[in-house]
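With numbering that gives the first Met the number 0, the residue at position 53 of the sequence shown is 52, and numbering never jumps.
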Amino acid sequence: MKSEISVTELDYSRLNSLILRMLDDRNANIHELNFLNIEIKKAKKIDSLKYSPDFVTMNSFVEGNIPENNKSMSFRLVYPQDANNDEGFISVLSSLGCGLLGKKAGESVSFKTHEGTQTFRIDKIIYQPEKISEYSN
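Here's what the structure looks like:
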């Protein structure tokens, strides 16, 4: 059974707007948009100022590892236009990015790669905007 995820109300609003805008784009990957849409629709929405600092939100920077090969990795969860895999900026529309959203330190995320399905275990959240009230406006 999948654990329930939670998202900030601000992330929910911004992601919902992103999905609606991208659905109009003929080049958009409908599968990725649908997957993100399903995930955020079933998520528990929480006020940004009351959000726990151990959960992944948009623009969070996380550190963890892939247990299958014991490879340590760090990522920043970003909007598609800011994605740059070489820099560690992972799009929320990617399998890993969507899986990270709303998860907390200690949880694992299964994601698809060209090599098959892998698992990423979140060891810690190094940075979360809500933790420092960056989005309090």
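Glycine included, every Cβ here is placed at the ideal spot set by N, Cα and C.
Any idea if residue i is buried or exposed, counting beta-carbon neighbours within 10 angstroms, 16 or more meaning buried?
i, result
"residue 37", "exposed"
"residue 133", "Confidence at residue 133 is low in this model, with a pLDDT of 49, below 50, so its placement is unreliable and the value that follows should be read with caution. Under this definition residue 133 is an exposed residue."
"residue 48", "exposed"
"residue 31", "buried"
"residue 93", "buried"
"residue 124", "buried"
"residue 56", "buried"
"residue 58", "buried"
"residue 75", "buried"
"residue 114", "exposed"
"residue 112", "exposed"
"residue 45", "buried"
"residue 3", "exposed"
Our contact map puts residue i next to residue j with C-beta atoms below 8 Å; I'd like the distance itself, whole angstroms only.
i, j, result
"residue 116", "residue 108", "That belief does not hold up - the Cβ atoms of residue 116 and residue 108 are roughly 11 Å apart, past 8 Å."
"residue 5", "residue 60", "19 Å between Cβ atoms; not a contact."
"residue 106", "residue 121", "6 Å"
"residue 127", "residue 52", "5 Å"
"residue 39", "residue 14", "5 Å"
Grab the span of the alpha helix (DSSP H) containing residue i for me, first residue to last.
i, result
"residue 39", "29-41"
On the DSSP letters alone, give me the boundaries of the beta strand (DSSP E) that residue i sits inside.
i, result
"residue 18", "Careful: residue 18 lies outside any beta strand (DSSP E), inside the alpha helix (DSSP H) at 8-22."
"residue 61", "60-65"
Would you check if there are 3 or more beta carbon pairs closer than 8 Å linking the stretch 59-70 to the stretch 19-30? no
Does the structure place the stretch 78-88 close enough to the stretch 100-108 that three or more beta carbon pairs sit under 8 Å? no
Those runs of the beta strand (DSSP E) which lie wholly inside the stretch 75-132 and span at least 3 residues: 88-90, 107-112 and 115-126
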